[in-house]
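Just so you know, full-length UniProt numbering puts the end of the sequence shown at 727, numbered straight through with nothing missing. Glycine residues also receive a C-beta, built at the ideal position from the N, C-alpha and C atoms.
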Amino acid sequence: MLNRAVVQTTAQIILRFSWSRTYIKRASLLPFQREDWFVKHHKFKQLPPAELKGLNEIKLIFQKKPSNIYTTNRTFRNALDESLLNIYNSEIHAFDKVELRAKRNTWKLLREELYKQLNLPSASKNYCFNLKDALSPQCTSELLLQLMHIDQISQGQWDSIIGGSSISKVQIYTHILRNHFNHIYEKEVLPFAHPSLSSKQKGLDISNPSEWYSGARKLKRKIVMHLGPTNSGKTYNALEKLKKATRGYYAGPLRLLAREVYDKFKQQNIRCNLLTGEEIINDLDHIGNKAGLTSGTVEMIPLNQEFDVVVLDEIQMLADEQRGWAWTNAFLGARSSEVHLCGERSVLPLIQKLVKITGDDLIVNEYSRLGKLVIESEPLSLGFSGLKKGDCLISFSKRKILNLKLKVERCTNYKVSVIYGSLPPETRIKQANMFNSGHSDILIASDAVGMGLNLSIKRIVFTESSKWNGAEMQPLEDPIIKQIGGRAGRYKPKDNSDVNPSKGYVTGLDDEILSAVRSGINAPITYLSSAIIWPTEEIITSALAKYQPGTKFSTLIENFNRDVTTKSNNLYTLADSSKKIEFIREYEKIEGLSLRDLIKLSYAPIRDSPLLKTTFLKFCHTIAKKQTKSLLNYALPLDKLNSKYIKNEDVALDFYEELHHIVMMFMWLNIRYPEYFIDRESAIDIKNHCEYIIYKKLEILSKNPYKKNLHTLGYTRRPNRRFLKKL
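#1: With DSSP as the reference, label Tyr420 as helix, strand or coil.
#2: Ordered along the chain, which non-local residues of its own chain (more than five positions away) have a Cβ less than 7 Å from that of residue 732?
#3: For Leu242 and chain D, any beta-carbon pair shorter than 7 Å?
#4: Determine the contact status of Lys629 and Thr622, defining contact as a CB-CB distance below 7 Å.
#5: Pick out whichever of Leu118, Leu274, Lys266 has its Cα sitting closest to the Cα of Gly164.
#6: Per DSSP, what are the beta-bridge partners of Arg459 in this structure?
#7: Do three or more CB pairs link the stretch 660 to 670 to the stretch 594 to 613 at distances below 8 Å?
#8: So the beta strand (DSSP E) His183 belongs to, where does it begin and stop?
#9: Which stretch, first to last residue, makes up the alpha helix (DSSP H) that contains Ser465?
#10: How would you call Thr75, buried or exposed, if buried means at least 16 neighbouring beta carbons within 10 angstroms?
#11: Only counting runs of 3 or more residues, tell me where the beta strand (DSSP E) segments fall wholly within the stretch 91 to 155, in order along the chain.
#12: Taking all protein chains shown into account, do 16 or more other C-beta atoms lie within 10 angstroms of the C-beta of Thr526, making it buried, or fewer, making it exposed?
#13: Which residues in the same chain have their Cβ closer than 6 Å to the Cβ of Leu350, if we skip the five residues on either side of it in sequence?
#14: For Cys272, which of helix, strand or coil comes out of DSSP?
#15: Rounded to the nearest angstrom, how far is the Cβ of Arg110 from that of His175, given a contact under 8 Å?
#16: Decide yes or no for the touch test of the stretch 475 to 492 against the stretch 423 to 432: beta carbon pairs closer than 8 Å, at least 3 of them.
#17: Pick out the complete alpha helix (DSSP H) segments inside the UniProt domain "Helicase ATP-binding" (215 to 354), 4 residues or longer, and give them in chain order.
#18: Is Val461 near Ile444, with beta carbons less than 7 Å apart?
#19: Below 8 Å on the Cβ atoms is my contact criterion, and I expect Ser84 with Leu145 to pass it. Report the Cβ-Cβ distance as a whole number of Å.
#20: So, Gly233 versus Leu370, is the Cβ gap smaller than 7 Å?
#21: What do you get for Gln155, buried or exposed, if any count of 16 or more other CB atoms within 10 angstroms of its CB means buried?
#22: Need the endpoints of the alpha helix (DSSP H) that Ala50 sits in, please.
#23: Which residue's Cα is closest to the Cα of Glu321: Gln157, Ser578, Asp563, Lys108?
#24: Contact check, Lys222 vs Asp308 under 8 Å by CB: the rounded distance?
#25: For Ile281, which residues of its own chain have a beta-carbon under 7 Å away from its beta-carbon, when the five flanking residues on both sides are left out?
#26: Within the same chain, show all residues whose beta-carbon is closer than 7 Å to that of Leu47, passing over the 5 residues directly before and after it, in chain order.
#27: Quick one: Cα of Leu393 to Cα of Trp158, how far?
#28: Cutting at 7 Å between CB atoms, please list the residues of its own chain near Gln152, excluding the five before and the five after it.
#29: Phe619 and Leu669 look like a contact to me (Cβ under 8 Å); what is the Cβ gap, rounded to whole Å?
#30: With DSSP collapsed to three states, give me the class of Ser166.
#31: In the DSSP assignment, find the unbroken alpha helix (DSSP H) run with Leu611 in it and report its ends.
#32: Going by beta carbon distance, what residues of the same chain come within less than 7 Å of Ala523, once the five residues before and after it are set aside?
#33: Going by alpha carbons, who is nearest to Ser542 out of Gly486, Phe560, Asn454, Ile532?
#34: Rounding to the nearest angstrom, what Cα-Cα distance links Leu242 and Pro379 in this structure?
#35: Smallest Cα separation from Asn269: which of Leu254, Pro253, Ala291, Ile287?
#36: What residue does the alpha helix (DSSP H) around Asn433 start on, and which one ends it?
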């Protein structure tokens, strides 16, 4: 008869996994208390003794030499062996003994299933390949049949699903095996991997993010910092080092910057891949090998891959509340002999503290501005009549920017380009190119001008010295003034004559603004004190067993933020945790989303907009229900993409900007869930047409669409809600 302690322990384990119905169904099993518990419970009948002892990990061994596809078909055998090796190398690692044991047990179950199916008589002639079962398996009974019949799915479909061109048989096998591995791990192993007290005590200290990346900690990395103001050549030197590397990655802050580096490398006949959240281009040689160099966004850097050189651009972004986690995780986790950090001097003390923790070597290179920056003694004279070609007016709201555009074009003969944050990046590039080429004379921009665009600006003119922070107007911070002001001085006259091309000027619209700008530019450096982080999938999985029974994902993140901030003495802070947790609570209610889904979706680039969030929840339901949908299957107001709406002032710019962001969300999900979000070609067509209409609307703008009381399709003041009912 079981004693009370055992009964209580069993009850606790059942409660711990009460958040998953699948886990509850299997919770009658007792938790293992010894390392051999799992093997004894499952009574492996097919697994050879050597594999039970962990002596053989990859090739399948048959004692009686049966006649099956593995023993008789060398091509199949070699492809399966290589795929199994890929799974073993990528999946059988963990942060603590309990998690590693769980993954090894998953590996045993996967191989047991392969042995069992290979020993059974084949009934493959009438098998019909079900793509859904291969990509989101609910059981493993058809694993071998799926591997044997991958040719029932076209090569083009596999290329789209996995991402790339001419995907090999090994890549397809690896993809299918990984899906089955994850299914076994999440549904059959993880619910019972309950750690003992001793393993908890010896486990990973998750409050120390540097310990999350054991692969990087095994290396003695050389951290090379390139620090200097805007227009100092710091990124150029890092890229020159990257060009000479065999394996390397450029991690940029924007996909447009990643694309720019990619295009430059290709123009110089340097083989390079492109990897962003919305686009993947693999440069393959004649035998299908990818290029060793990749240009991508910082969020996409593969931290399980080894490099010779990694370049992290705009490293001061690791303190950004929304996206800083990507820089911090990349810095701590990059497996590279050399990591080059390009950015402002404000980040130096923080990096020095982090390097002491990681044990890496640090080299600091400081750069001076290539040309002089002059703060003018007087504000802009004669109002807008005092503007000159090559000037850039700075404002901090879309409404004000478009108002300034209309006023400048009415008061002068100048043509005006505009750049602000909610414009699609492609539209920003077009506006910048118009300004740089001389097709427009004046640029009006928000602080989005401070990063990621090469602009031929002769003079920066601040039109205001404060900015709305979401709750109130606040004076501009010194680092923002320095970064924006530093954009002046890349002026190239239309005839390309060299007239002080790197000398820049800064002024304000009036005396008060100019005084604030002068104070900000001359102010001492404000040093960053903490790095923003966000836990990885492995960390969250490890942390799950260490929290109270019934803990929700959002609560886990909340507690995680408190622990990390406290234990690191504020050296680390969780990314924009309050807003993020609030939104996580919305989609964690959706039945059918796995823990892996919740983690993956927590990285999604969602703007704070009712329309965007509502649409994202629709996308989450698609994942939960394992549906296959094109963007055309969603109830979006795509009829407004007709060119007749270009001159229709009732359908405002922000509608197309938000629709564009929805398309980019879909493309982001297409890369992560290619089996659910399909027909990328239609999404690209919609994206391109959105950009065209936005560009044309800006070109013919005759009145500000964002003035108060503007009626847009029957709504006022909050046009971003006007299409919610259609979703």
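In brief:
#1: Start at 1 with the first residue of the sequence shown, and residue 420 comes out as number 420. If DSSP states are grouped into helix, strand and coil, Tyr420 belongs with coil.
#2: It is not possible to answer for residue 732, since the shown part of the chain is limited to 1 through 727.
#3: Of the chains in the structure shown, none is chain D; there is only one protein chain.
#4: Working through the sequence shown from its first residue, we reach residue 629 at position 629. Working through the sequence shown from its first residue, we reach residue 622 at position 622. Yes.
#5: Within the sequence shown, numbered from 1, the residue matching residue 164 stands at position 164. Ranking the options by Cα distance to Gly164, first place goes to Leu274.
#6: The sequence position of residue 459 within the sequence shown is 459, counting from 1. Asp391, Tyr505, per the DSSP bridge assignment.
#7: yes
#8: For the purposes of this step, residue 183 is taken as residue 183 along the sequence shown, with counting starting at 1. Per DSSP, His183 belongs to no beta strand (DSSP E); it is in the alpha helix (DSSP H), 169 to 184.
#9: Translated into the one-based positions of the sequence shown, residue 465 becomes position 465. Looking at the DSSP string, Ser465 is not in any alpha helix (DSSP H), and its letter there is neither H nor E.
#10: Within the sequence shown, the letter at position 75 stands for residue 75. Exposed: under 16 other Cβ atoms inside 10 Å.
#11: none
#12: Along the sequence shown, read from residue 1 onward, the residue named residue 526 stands at position 526. That one is exposed.
#13: The residue given as residue 350 occupies position 350 in the sequence shown. Excluding sequence neighbours, Leu350 sits near Leu528.
#14: Within the sequence shown, residue 272 is the residue found at index 272, counting from 1. In this structure, Cys272 counts as coil in the three-state DSSP scheme.
#15: Start at 1 with the first residue of the sequence shown, and residue 110 comes out as number 110. Start at 1 with the first residue of the sequence shown, and residue 175 comes out as number 175. Rather than Arg, the amino acid found at residue 110 in this sequence is Leu. No, Leu110 and His175 are not in contact; Cβ-Cβ is about 14 Å, not under 8 Å.
#16: no
#17: 234 to 243, 255 to 267, 324 to 333
#18: By one-based count along the sequence shown, residue 461 stands at place 461. By one-based count along the sequence shown, residue 444 stands at place 444. The answer is no: Cβ separation not under 7 Å.
#19: Mapped onto the sequence shown, residue 84 falls at position 84. Mapped onto the sequence shown, residue 145 falls at position 145. The sequence shown places Leu at residue 84, rather than the Ser named in the question. The Cβ separation is near 17 Å, so there is no contact.
#20: Position 233 of the sequence shown holds residue 233. Position 370 of the sequence shown holds residue 370. Taking 7 Å as the Cβ cut-off, Gly233 and Leu370 qualify as a contacting pair.
#21: The sequence position of residue 155 within the sequence shown is 155, counting from 1. Exposed, since its Cβ has fewer than 16 Cβ neighbours within 10 Å.
#22: The residue you call residue 50 lines up with position 50 of the sequence shown. It spans 49 to 52 - the alpha helix (DSSP H) in which Ala50 sits, taken as one unbroken run.
#23: Within the sequence shown, numbered from 1, the residue matching residue 321 stands at position 321. The shortest C-alpha separation from Glu321 is found at Ser578.
#24: Position 222 of the sequence shown, counting from 1, holds the residue named residue 222. Position 308 of the sequence shown, counting from 1, holds the residue named residue 308. Rounded, the Cβ-Cβ distance is 11 Å, inconsistent with contact.
#25: Against the sequence shown, residue 281 aligns to sequence position 281. The answer, listed in chain order, is Asn273, Leu274.
#26: As a position in the sequence shown, residue 47 is number 47, starting the count at 1. Lys108, Arg111, Glu112, Tyr115, listed in sequence order.
#27: As a first step, residue 393 must be located in the sequence shown, where it is residue number 393. As a first step, residue 158 must be located in the sequence shown, where it is residue number 158. Near 49 Å, if we compare the C-alpha coordinates of Trp158 and Leu393.
#28: Within the sequence shown, the letter at position 152 stands for residue 152. Cβ neighbours of Gln152 beyond the five flanking positions: Phe129.
#29: Here residue 619 corresponds to residue number 619 of the sequence shown, with the count starting at 1. Here residue 669 corresponds to residue number 669 of the sequence shown, with the count starting at 1. Sure, about 6 Å apart at Cβ, within 8 Å.
#30: If you number the sequence shown from 1, residue 166 lands on position 166. Reduced to three states, the DSSP call for Ser166 is coil.
#31: Within the sequence shown, residue 611 is the residue found at index 611, counting from 1. First-last of the alpha helix (DSSP H) with Leu611: 610 to 624.
#32: Counting from 1 along the sequence shown, the entry for residue 523 is found at position 523. Once the five neighbours on either side are set aside, the close Cβ partners of Ala523 are Asp478.
#33: The sequence position of residue 542 within the sequence shown is 542, counting from 1. Out of Gly486, Phe560, Asn454, Ile532, Phe560 has the C-alpha closest to the C-alpha of Ser542.
#34: As a working note, residue 242 is residue 242 in the sequence shown. As a working note, residue 379 is residue 379 in the sequence shown. Rounded to whole angstroms, Leu242 to Pro379 spans 43 Å at the Cα level.
#35: Reading the sequence shown from its first residue, position 269 is the one you call residue 269. Selected option, being the one with the closest Cα: Ala291.
#36: Taking the first residue of the sequence shown as position 1, residue 433 is located at position 433. That run of the alpha helix (DSSP H) goes 425 to 437.
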